[in-house]
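The working numbering numbers the first residue of the sequence shown as -13 and each following residue consecutively.
A virtual CB, placed ideally from N, CA and C, is assigned to each residue, including glycine.
Read the structure below first, then the notes.
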Amino acid sequence: MPIKSFQGERAKKIRLKPIKLTVSDIMTSQLIIFSPEQSIYEVMRAFIKHKISGGPVVDELGKLAGIISEADCMKEISYSRYFNLPILDESVAHFMTKKVDTIDSKTSFFDTAALFSKSSRRPYPVTENNRLVGQVSRKDIAVSALEMKSQTWGY
-13 MPIKSFQGER AKKIRLKPIK LTVSDIMTSQ LIIFSPEQSI YEVMRAFIKH KISGGPVVDE
47 LGKLAGIISE ADCMKEISYS RYFNLPILDE SVAHFMTKKV DTIDSKTSFF DTAALFSKSS
107 RRPYPVTENN RLVGQVSRKD IAVSALEMKS QTWGY
(Lines of atoms letter the chains of each structure in order from A and count residues from 1; the text may use other names and numbers.)
(Lines give C-alpha, C1' and ligand atoms only; values in the text may rest on other atoms or scores of the structure.)
Protein backbone atom coordinates (compact mmCIF):
# COMPACT_ATOMS: atom_id res chain seq x y z
CA MET A 1 0.00 0.00 0.00
CA PRO A 2 1.47 3.39 -1.02
CA ILE A 3 2.38 5.93 1.64
CA LYS A 4 0.54 9.21 1.47
CA SER A 5 2.28 12.49 2.10
CA PHE A 6 0.55 14.81 4.51
CA GLN A 7 2.87 17.74 3.84
CA GLY A 8 0.67 19.40 1.30
CA GLU A 9 1.75 21.24 -1.78
CA ARG A 10 5.33 22.56 -1.75
CA ALA A 11 5.97 26.26 -2.15
CA LYS A 12 7.57 27.25 -5.40
CA LYS A 13 11.12 28.47 -5.10
CA ILE A 14 11.84 31.91 -6.45
CA ARG A 15 14.99 31.80 -8.51
CA LEU A 16 17.11 34.90 -8.50
CA LYS A 17 18.22 36.02 -11.92
CA PRO A 18 21.97 36.67 -12.05
CA ILE A 19 22.95 40.31 -12.31
CA LYS A 20 25.27 41.29 -15.14
CA LEU A 21 27.56 43.63 -13.29
CA THR A 22 29.67 45.84 -15.54
CA VAL A 23 32.49 48.30 -15.01
CA SER A 24 30.07 51.22 -15.30
CA ASP A 25 28.23 49.89 -12.21
CA ILE A 26 31.31 49.95 -9.98
CA MET A 27 33.60 52.65 -11.39
CA THR A 28 34.39 56.01 -9.86
CA SER A 29 33.03 58.77 -12.07
CA GLN A 30 34.01 61.80 -9.97
CA LEU A 31 37.61 62.25 -11.07
CA ILE A 32 40.20 64.96 -10.81
CA ILE A 33 41.25 65.46 -14.39
CA PHE A 34 44.04 67.44 -15.99
CA SER A 35 44.49 69.10 -19.36
CA PRO A 36 47.57 68.73 -21.58
CA GLU A 37 48.21 72.49 -21.33
CA GLN A 38 48.29 72.60 -17.52
CA SER A 39 51.56 73.37 -15.75
CA ILE A 40 53.34 70.47 -14.08
CA TYR A 41 53.50 72.62 -10.93
CA GLU A 42 49.69 72.83 -10.86
CA VAL A 43 49.50 69.06 -11.20
CA MET A 44 51.94 68.45 -8.32
CA ARG A 45 49.93 70.83 -6.13
CA ALA A 46 46.72 68.99 -7.04
CA PHE A 47 48.34 65.63 -6.15
CA ILE A 48 49.18 66.98 -2.70
CA LYS A 49 45.88 68.79 -2.15
CA HIS A 50 43.66 65.87 -3.16
CA LYS A 51 45.98 63.13 -1.86
CA ILE A 52 46.12 61.33 -5.20
CA SER A 53 49.00 59.76 -7.06
CA GLY A 54 47.89 60.46 -10.60
CA GLY A 55 45.04 61.29 -12.89
CA PRO A 56 43.74 61.21 -16.44
CA VAL A 57 44.64 63.90 -18.92
CA VAL A 58 41.77 64.80 -21.25
CA ASP A 59 41.52 67.13 -24.20
CA GLU A 60 38.82 69.77 -24.72
CA LEU A 61 36.52 67.14 -26.30
CA GLY A 62 36.72 64.87 -23.26
CA LYS A 63 38.90 62.28 -25.00
CA LEU A 64 41.65 60.63 -23.00
CA ALA A 65 45.02 62.07 -24.04
CA GLY A 66 47.14 60.31 -21.42
CA ILE A 67 47.85 59.78 -17.74
CA ILE A 68 50.00 61.90 -15.47
CA SER A 69 51.36 60.30 -12.31
CA GLU A 70 53.72 60.97 -9.46
CA ALA A 71 56.17 58.64 -11.20
CA ASP A 72 56.17 60.92 -14.27
CA CYS A 73 56.91 63.88 -12.00
CA MET A 74 59.66 61.96 -10.18
CA LYS A 75 61.44 61.32 -13.48
CA GLU A 76 61.65 65.06 -14.07
CA ILE A 77 62.75 65.80 -10.51
CA SER A 78 65.54 63.19 -10.62
CA TYR A 79 66.61 64.35 -14.10
CA SER A 80 66.77 67.96 -12.89
CA ARG A 81 68.73 66.98 -9.81
CA TYR A 82 71.18 64.86 -11.79
CA PHE A 83 72.03 67.72 -14.14
CA ASN A 84 71.73 70.36 -11.39
CA LEU A 85 68.96 72.16 -13.26
CA PRO A 86 65.74 73.74 -11.99
CA ILE A 87 62.57 71.70 -12.49
CA LEU A 88 61.12 72.71 -15.82
CA ASP A 89 57.80 74.50 -15.80
CA GLU A 90 56.57 72.50 -18.77
CA SER A 91 53.03 71.48 -19.61
CA VAL A 92 51.49 68.16 -18.62
CA ALA A 93 51.74 67.03 -22.27
CA HIS A 94 55.54 67.03 -21.90
CA PHE A 95 55.52 64.61 -18.94
CA MET A 96 52.39 62.45 -19.28
CA THR A 97 52.24 58.84 -20.42
CA LYS A 98 50.51 58.95 -23.78
CA LYS A 99 49.92 55.25 -24.48
CA VAL A 100 47.25 54.26 -21.98
CA ASP A 101 45.39 50.96 -21.61
CA THR A 102 41.67 51.51 -21.01
CA ILE A 103 38.60 49.46 -20.17
CA ASP A 104 35.26 49.86 -21.93
CA SER A 105 32.37 50.74 -19.62
CA LYS A 106 30.42 47.67 -20.76
CA THR A 107 33.16 45.20 -19.75
CA SER A 108 31.91 42.66 -17.24
CA PHE A 109 32.93 42.68 -13.60
CA PHE A 110 34.62 39.27 -13.92
CA ASP A 111 36.56 40.19 -17.08
CA THR A 112 37.81 43.29 -15.29
CA ALA A 113 38.87 41.26 -12.25
CA ALA A 114 40.73 38.87 -14.59
CA LEU A 115 42.45 41.82 -16.27
CA PHE A 116 43.64 43.14 -12.90
CA SER A 117 44.93 39.70 -11.90
CA LYS A 118 47.14 39.60 -15.02
CA SER A 119 48.36 43.20 -14.77
CA SER A 120 50.34 45.27 -12.32
CA ARG A 121 48.13 48.29 -13.02
CA ARG A 122 46.13 49.68 -10.15
CA PRO A 123 43.56 51.91 -11.82
CA TYR A 124 42.28 51.75 -15.39
CA PRO A 125 40.57 54.64 -17.13
CA VAL A 126 37.06 53.69 -18.26
CA THR A 127 35.94 54.89 -21.67
CA GLU A 128 32.69 54.93 -23.58
CA ASN A 129 32.77 55.84 -27.28
CA ASN A 130 36.42 56.92 -26.84
CA ARG A 131 35.49 59.44 -24.12
CA LEU A 132 36.62 59.20 -20.50
CA VAL A 133 33.67 58.37 -18.22
CA GLY A 134 35.43 57.16 -15.08
CA GLN A 135 38.10 55.01 -13.50
CA VAL A 136 38.04 51.54 -11.99
CA SER A 137 40.53 50.27 -9.44
CA ARG A 138 41.38 47.04 -7.69
CA LYS A 139 39.63 48.41 -4.61
CA ASP A 140 36.40 48.92 -6.59
CA ILE A 141 36.55 45.24 -7.60
CA ALA A 142 37.18 44.06 -4.03
CA VAL A 143 34.41 46.21 -2.54
CA SER A 144 31.91 45.04 -5.17
CA ALA A 145 32.85 41.39 -4.65
CA LEU A 146 32.21 41.72 -0.92
CA GLU A 147 28.83 43.35 -1.53
CA MET A 148 27.66 40.60 -3.88
CA LYS A 149 25.80 37.53 -2.75
CA SER A 150 27.03 34.25 -4.20
CA GLN A 151 23.69 33.41 -5.88
CA THR A 152 23.70 36.67 -7.83
CA TRP A 153 27.09 36.16 -9.45
CA GLY A 154 26.43 35.93 -13.15
CA TYR A 155 28.08 36.56 -16.43
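Per DSSP, residue 98 is not a residue of any beta strand (DSSP E); the alpha helix (DSSP H) it occupies stretches across 95 to 103. Separation of residue 105 and residue -5 (C-alpha to C-alpha, rounded to the nearest whole angstrom) is 53 Å. Taken through DSSP and simplified to helix, strand or coil, residue 34 comes out as helix.
In this structure, residue 110 lies away from residue 90, with their beta-carbon atoms at least 8 Å apart. Residue 82 sits away from residue 120, with the two beta carbons spaced by 8 Å or more. Residue pairing by DSSP places residue 52 opposite 43 in a beta bridge. Residue 118 is not a Cβ neighbour of residue 41, given a cutoff of 8 Å. As DSSP reads the structure, residue 117 sits in a beta bridge with 114. Within the same chain, Cβ atoms closer than 6 Å to the Cβ of residue 15 are found at 120, the five residues on either side in sequence being excluded. Sequence-distant partners of residue 122 (beyond 5 residues in either direction) whose C-beta falls short of 8 Å from its own C-beta, in its chain, are 9, 12, 13, 14, 89, 98, 109, 110 and 112. Boundaries of the alpha helix (DSSP H) around residue 11: 9 to 12.
In terms of Cα proximity to residue 50, the closest of 127, 129, 125 and 116 is 116. Residue 43 places its beta carbon less than 8 Å from that of residue 54.
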